[in-house]
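Novice: Quick note: the sequence shown uses our numbering, first residue 1215, plus one each step.
The C-beta atom is built at its ideal place from N, Cα and C for all residues, glycine as well.
This one's a predicted model, so the numbers in the text were calculated from it and none came from an experiment.
Mind looking over this structure? Questions follow.
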Amino acid sequence: MTPSHRTGGLSRRHFALVLPSALLVSGASGCAAPHQGTGRPGDPIVLTLLSHYASGTLKEALQRPVDEWNATHDRVKVRTKAVEFADLLTTFMVRQAAGQGADILHPYCLWNGQLVQAGVLRPAPSEHTEEIRRGYGGAAVGASSVGGKIYGYPTEVQTYALYYNKRLLREAGIARPPRTWRELEEAAYRTARRDGYGNTLVQGFGLSTYDDSTTVGQTLALLNAAGGTFVSADGRSTAIDSPAGRAVFDLEHRLVVKGASAPGVNVYKAFQSGQVAMVVSAGWWTGSLKTEMGKDYRDVGVAPLPVPEADDRRATLSTGFMLGVNTASEHPREAWEFLRWLNTEKVSVKSAKKGATATRMSSLQVSVGSMTGRAEDMRTLLSEGSDPNLRPFLDALAYAVPEPNVVGAQQAKSLLRKNIEALWTGQQSVDESLRTIRRQVDEEVSRSW
């Protein structure tokens, strides 16, 4: 479930992402986008691919493999179209209703239940389903599935972990990042600082109403770490009003009431300014921090998300996107073949390791500071001289839990955010927040069936 500015958890692409050119796929050509065929015999089939990769590094990164395909395939060509992320879901639905849907779609996985119910997404054929199950981690496969059926190839995947400021922890006499919630809470109180007027100078633990990544994303990551879930297995009700959900809300409430968290602060600016000791966020942020903080980035560390008790199993949140085929496409076989080529075929990459290979999509994502759910590709692409702060996000692919993509997921997420913010700002108690979420979200998801 994503932030408001993209409404989604994988998110703020307005931050500059600088990755080594050595991670780009070698041999991509710069062929111009194909013209639409005339319909005469011998004209190529032209597939359209609609995504939110509308500008900057994202647009360029996607165009490279598309140009490579078009330069090496005569019978089938691909043309990209893009809209801003905020308009993407509406564009899918409106164009479909008007009979103008693209052949290939790149949705945020949160929307998959809604798109499947609306008849927009085509289930993956069996041979592609087998490739997806074999090549991707469980969280990525789950995010690309609805009702047990896989609907596309996972692309961008983000996992959540704990960012921390080494200097602030060290100055508070804390030798290592917290591993349990008790250690997390103690560290938050020891590192928090206020001035004589009660104004926050340093948040021990960064809670922020700035966007979904901090409001909903970190709450769901902590919920998963406690063994809980937001939505029931059948997708018809919320499951947050549980011992795990109550534990998360109690923890966040204590941190705010005792002054270790100040939700009104923009945690993204505050952390890079040394005014937040710890915060939970997704891996996309690492490249941004490295660029924005300069030499101060040496103070940044990343650790696995703390769990309630030392012997608890690790878990965290993952969010993602996928590429699927429109039910209205007149050329589904060709569309799936392009997706197989983009997402499963291994090609050589410019790397210090001789003979290194990875899929085109994995190289694309790493070039813009992201990851895919292909752990083998990520180990290859992130192995040589990469930032050690990326390692916890890669490790989390093995135990992350995908955000629920039931039919009413987007609205349920908005309702969850509203009530979390009411809790953080003192408008509701823990009990009131849990009751309100249950009533509102249950009504939303049940109405969607």
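1) Exposed or buried, Thr1429, counting other C-beta atoms within 10 Å across all chains shown (16 or more means buried)?
2) Give me the residue from Asp1601, Met1575, Val1620 with the minimum Cα distance to Tyr1511.
3) Output the distance between the C-alpha atoms of Leu1398 and Gln1328, rounded to the nearest integer angstrom.
4) Decide yes or no for the touch test of the segment 1283-1294 against the segment 1255-1267: beta carbon pairs closer than 8 Å, at least 3 of them.
5) Relative to the alpha-carbon of Asp1591, which residue among Glu1657, Ser1660, Thr1369 has its alpha-carbon at the smallest distance?
6) So Pro1522 packs on Ala1461, CB below 8 Å; how close in whole Å?
7) If Val1360 and Asn1326 are in contact, beta carbons under 8 Å, what's the gap, nearest whole angstrom?
8) Any chance the segment 1433-1453 sits against the segment 1650-1659, with 3 or more Cβ pairs inside 8 Å?
9) Evaluate the contact criterion for the segment 1476-1489 versus the segment 1343-1350: three or more CB pairs, one atom per stretch, below 8 Å.
10) In the DSSP output, what is Ser1532 paired with across the bridge?
11) Does DSSP put Pro1546 in a helix, in a strand, or in coil?
12) Looking only at DSSP bridge pairs, what is Met1585 linked to?
13) Classify Gln1557: buried if its beta carbon has 16 or more other beta carbons within 10 angstroms, exposed otherwise.
14) How far does the alpha helix (DSSP H) with Gln1486 in it reach, from first residue to last?
15) Please list the segments of the alpha helix (DSSP H) lying wholly inside the segment 1343-1399, counting only runs of 4 or more residues, in order along the chain.
16) Which ranges would you report for the alpha helix (DSSP H) in the segment 1405-1478 if only whole runs of at least 4 residues count?
17) Below 8 Å on the Cβ atoms is my contact criterion, and I expect Glu1548 with Ile1259 to pass it. Report the Cβ-Cβ distance as a whole number of Å.
18) Taking the Cβ atom as the reference point for each residue, do Ala1491 and Thr1586 lie within a distance shorter than 7 Å?
19) Between Glu1400 and Val1563, what straight-line distance do the alpha-carbon atoms span, to the nearest angstrom?
20) Buried or exposed for Gly1459, please, with buried defined as at least 16 other CB atoms from any protein chain shown within 10 angstroms of its CB.
21) With a 10 Å radius around its C-beta and 16 neighbouring C-beta atoms as the bar for buried, classify Thr1639 as buried or exposed.
22) Among residues of its own chain, excluding the 5 on either side of Asp1288, which ones have a beta-carbon nearer than 8 Å to its beta-carbon?
23) Inspect the beta-carbon positions of Gln1654 and Leu1637 and report whether they are closer than 7 Å.
24) Please give the ranges of any alpha helix (DSSP H) in the segment 1300-1331, keeping only runs that are unbroken, at least 4 residues long and fully inside the region.
25) Taking Cβ positions only, does Ser1660 come closer than 7 Å to chain B?
26) Kindly indicate which three-state DSSP category Ser1265 falls into: helix, strand or coil?
27) May I ask you to report which of helix, strand or coil DSSP gives Ser1628?
28) Are there three or more Cβ pairs, one per stretch, closer than 8 Å when the segment 1524-1537 is compared with the segment 1614-1621?
29) Is the beta carbon of Val1481 less than 7 Å from the beta carbon of Tyr1377?
30) In whole angstroms, give me the CA-to-CA distance for Asp1317 and Thr1571.
31) Taking Cβ to Cβ, would you say Ala1496 is nearer than 7 Å to Tyr1403?
32) List the DSSP bridge partners of Ile1259.
33) Of all the options Asp1609, Arg1408, Leu1421, Trp1555, which has the alpha carbon lying nearest to the alpha carbon of Asn1672?
34) For the beta strand (DSSP E) that Lys1560 lies in, which residues bound it at each end?
35) Report the option in Ser1502, Gly1420, Met1507 whose CA atom is closest to the CA atom of Gly1583.
36) List the residues that DSSP assigns as beta-bridge partners of Gly1515.
Specialist: On the basis of the coordinates in this document:
1) Counting Cβ neighbours within 10 Å, Thr1429 comes out buried, since at least 16 surround it.
2) For Tyr1511, the nearest C-alpha among the options comes from Asp1601.
3) Distance between the alpha carbons of Leu1398 and Gln1328: 37 Å.
4) The segment 1283-1294 is in contact with the segment 1255-1267.
5) Of the candidates Glu1657, Ser1660, Thr1369, the one whose C-alpha sits nearest the C-alpha of Asp1591 is Thr1369.
6) Contact flag correct, Cβ pair sits at about 7 Å.
7) Rounded to the nearest angstrom, the Cβ distance from Val1360 to Asn1326 is 5 Å, consistent with a contact under 8 Å.
8) Yes, the segment 1433-1453 is in contact with the segment 1650-1659.
9) Two segments are said to touch when three or more pairs of C-beta atoms, one from each, lie closer than 8 Å; by this definition the segment 1476-1489 does not touch the segment 1343-1350.
10) Residue pairing by DSSP puts Ser1532 in a beta bridge opposite Thr1373, Pro1616.
11) Reduced to three states, the DSSP call for Pro1546 is helix.
12) Looking at the DSSP assignment, Met1585 forms a beta bridge with Val1371.
13) As written in the sequence, residue 1557 is Asn, which differs from the Gln given in the question. The residue in question, Asn1557, is buried, as its Cβ has 16 or more Cβ neighbours within 10 Å.
14) For Gln1486, the enclosing alpha helix (DSSP H) starts and ends at 1481-1486.
15) Whole alpha helix (DSSP H) segments, 4+ residues: 1352-1357, 1380-1385.
16) If we require 4 residues or more, the alpha helix (DSSP H) runs fully inside the segment 1405-1478 come out as 1432-1439, 1457-1471.
17) The C-beta distance from Glu1548 to Ile1259 rounds to 6 Å, short enough to fall under 8 Å.
18) No, these two residues do not count as a Cβ contact at 7 Å.
19) Distance from the CA of Glu1400 to the CA of Val1563, rounded to the nearest whole angstrom, comes to 45 Å.
20) Burial call: buried.
21) Classified as exposed, Thr1639 has fewer than 16 neighbouring CB atoms from the shown chains inside 10 Å of its CB.
22) These residues qualify, in order along the chain: Pro1258.
23) For the pair Gln1654 and Leu1637, the CB atoms are not nearer than the 7 Å cut-off.
24) Correct list: 1326-1331.
25) In summary, chain B is missing from the structure at hand, where a single protein chain is found.
26) For Ser1265, the secondary structure class from DSSP, reduced to helix, strand or coil, is strand.
27) DSSP places Ser1628 in the helix class (H, G or I) of the three-state scheme.
28) Taking 8 Å as the limit for Cβ pairs, the verdict is that the segment 1614-1621 does touch the segment 1524-1537.
29) With respect to Tyr1377, Val1481 sits apart: the two C-beta atoms are not nearer than 7 Å.
30) Computed Cα separation, rounded: 29 Å.
31) No, they are not a contact pair.
32) Paired residues: Val1290.
33) What is shown of the chain runs 1215 to 1663, which leaves residue 1672 out entirely.
34) Its beta strand (DSSP E) spans residues 1560-1562.
35) Comparing Cα-Cα distances from Gly1583 to each of Ser1502, Gly1420, Met1507, the minimum goes to Ser1502.
36) Beta-bridge pairing links Gly1515 to Tyr1378.
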